[in-house]
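In the working numbering, the protein residues as written are 36 to 227. We put the beta carbon where it would ideally sit given N, CA and C, even for glycine. Report on the following structure.
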Amino acid sequence: MSGAARTVCLGVVGGAHGVRGEFRIRTFTQVEEDVAAYGPVTVETPSAGSAEVERLSLQIVRVVKPGVVLAKAPEVPSREAVAPLTGKKLFVDRTALPDPDDDDEFYVEDLVGLEACLPDGAPAGIVAAVHDFGAGDLIELWQIPGVTGSRLIRFTRQIVPRIDLAAQRIELSENALDEGEGEQEPSESSRD
């Protein structure tokens with residue numbers, strides 16, 4: 036893993052609620068209110084080249100339903116101020132989060148950059164990202180020996196039986212790379 040600062044996505048801003056700048060957040064935390072527990076959050080910037088960083092000091096108004104809170108922030112005084120935030124991800128620095136209590140617990144962002152290997156120790160690539168498109172988590176592997184591009188594999192205990200954060204590696208099942216064959220995202224040129 037690199038020494039670069041890592042961030043963790045805690046939620047996504049939904050729409051405005053009322054006229055005083057309150058807004059919904061779809062949270063990715065175990066306890067909904069914890070989206071505001073780790074200090075100010077950084078709002079996803081519209082482009083990688085943008086120097087503007089917006090930080091929000093969240094205050095939870097109430098839990099709307101499981102996974103959704105109603106929040107407010109002094110930086111968002113009105114309904115109109117919510118509009119540019121809608122759909123934006125909210126991040127916090129990884130160092131602001133508590134360390135997991137159990138050896139079986141981890142933050143998915145901690146997997147990015149880990150080496151993937153097969154049961155015999157043969158290299159199987161590097162974890163580029165962990166995605167959740169709604170049907171379960173997927174690990175994106177890149178730099179796979181003999182494979183051009185990246186490959187998506189399901190992130191289950193059967194396919195990824197061992198995660199060793201101390202050794203900075205994950206172990207894949209023997210047939211894990213066959214599992215993801217043909218499931219790569221289309222290239223930019225084929226999306227037209």
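message = Taking its Cβ as the centre, do 16 or more other Cβ atoms sit within 10 Å of Gly156, making it buried, or is it exposed?
response = For this step, residue 156 is matched to residue 121 along the sequence shown. Exposure of Gly156 is indicated by the presence of fewer than 16 other C-beta atoms within 10 angstroms of its C-beta.
task = Rounded to whole angstroms, what's the CA-CA distance from Ala164 to Asp199? Just pull it up for me.
result = Walking along the sequence shown from the start, residue 164 turns up at place 129. Walking along the sequence shown from the start, residue 199 turns up at place 164. In a straight line, the C-alpha of Ala164 is about 17 Å away from that of Asp199.
query = For Val111 versus Val117, is the C-beta spacing smaller than 9 Å?
reply = To locate residue 111, count along the sequence shown from 1; it is residue 76. To locate residue 117, count along the sequence shown from 1; it is residue 82. For Val111 and Val117, yes; Cβs fall inside 9 Å.
message = I'd like the span of the beta strand (DSSP E) that includes Glu209, first residue to last.
response = As a first step, residue 209 is located in the sequence shown; it is residue number 174 there, counting from the start. It is not in any beta strand (DSSP E) - Glu209 carries neither H nor E in the DSSP assignment.
request  = Kindly identify the DSSP beta-bridge partner or partners of Gln203.
outcome  = In the sequence shown, residue 203 corresponds to position 168, counting from 1. For Gln203, DSSP assigns no beta-bridge partner whatsoever.
request  = Under 6 Å Cβ to Cβ from Arg226, same chain only, skipping five residues before and after it: list those, please.
outcome  = Walking along the sequence shown from the start, residue 226 turns up at place 191. Because Arg226 sits at a pLDDT of 38, beneath the cut-off of 50, its placement in the model cannot be relied upon, and the point is left open.
query = Across which residues does DSSP place Val48 in a beta bridge pair?
reply = As a first step, residue 48 is located in the sequence shown; it is residue number 13 there, counting from the start. Note: Val48 sits in a beta bridge opposite Ile60.
query = Which value, in whole angstroms, describes the spacing of the CA atoms of Val70 and Ala106?
reply = If you number the sequence shown from 1, residue 70 lands on position 35. If you number the sequence shown from 1, residue 106 lands on position 71. Each residue's Cα considered, the two are about 10 Å apart.
request  = Determine the closest residue to Val127 out of Leu187, Ile174, Tyr142, with distance taken between C-alpha atoms.
outcome  = The count along the sequence shown starts at 1 and reaches residue 127 at position 92. Here the closest residue by C-alpha is Tyr142.
query = Leu105 by DSSP, collapsed to three states: which one?
reply = To locate residue 105, count along the sequence shown from 1; it is residue 70. Secondary structure of Leu105 (DSSP, three-state): strand.
message = With the cut-off set at 9 Å, would you say Tyr73 and Leu45 are in Cβ contact?
response = What you label residue 73 is simply residue 38 of the sequence shown in a count that begins at 1. What you label residue 45 is simply residue 10 of the sequence shown in a count that begins at 1. The criterion of a C-beta distance shorter than 9 Å is satisfied by Tyr73 and Leu45.
ask   = Which residue comes first and which comes last in the alpha helix (DSSP H) that contains Ala116?
value = Residue numbering aside, residue 116 sits at position 81 when the sequence shown is read from its first letter. Note, Ala116: alpha helix (DSSP H), 114 to 117.
request  = Just the C-alpha distance for Gly148 and Val48, rounded to the nearest angstrom, thanks.
outcome  = Translated into positions along the sequence shown, residue 148 becomes position 113. Translated into positions along the sequence shown, residue 48 becomes position 13. The alpha-carbon atoms of Gly148 and Val48 are separated by roughly 27 Å.
message = Output needed for Gly56: all residues of its chain with C-beta closer than 8 Å, excluding positions within five of it in sequence on either side, in chain order.
response = Within the sequence shown, residue 56 is the residue found at index 21, counting from 1. Closer than 8 Å at the Cβ level, and outside the excluded window around Gly56, lie Lys107, Ala108, Val111, Pro112, Ser113, Arg114, Ala116, Val117.
key: Closest residue to Phe63 among Lys124, Pro119, Val96, Glu175 (Cα-Cα distance)   = Position 28 of the sequence shown, counting from 1, holds the residue named residue 63. Comparing Cα positions, the closest option is Lys124.
ask   = If you run the structure through DSSP and keep just helix, strand and coil, what is Glu175?
value = The residue you call residue 175 lines up with position 140 of the sequence shown. When DSSP states are grouped into helix, strand and coil, Glu175 belongs to the strand group.
message = On the DSSP letters alone, give me the boundaries of the beta strand (DSSP E) that Thr77 sits inside.
response = Position 42 of the sequence shown, counted from the first residue, corresponds to residue 77. Taken as a continuous stretch (DSSP letters only), the beta strand (DSSP E) holding Thr77 covers 76 to 78.
inquiry  = Let me confirm a value: Arg186 is counted as buried when at least 16 other C-beta atoms fall within 10 Å, else exposed. Which label applies?
reply    = Along the sequence shown, one-based indexing puts residue 186 at 151. With 16 or more other Cβ atoms from the protein chains shown falling within 10 Å of its own Cβ, Arg186 counts as buried.
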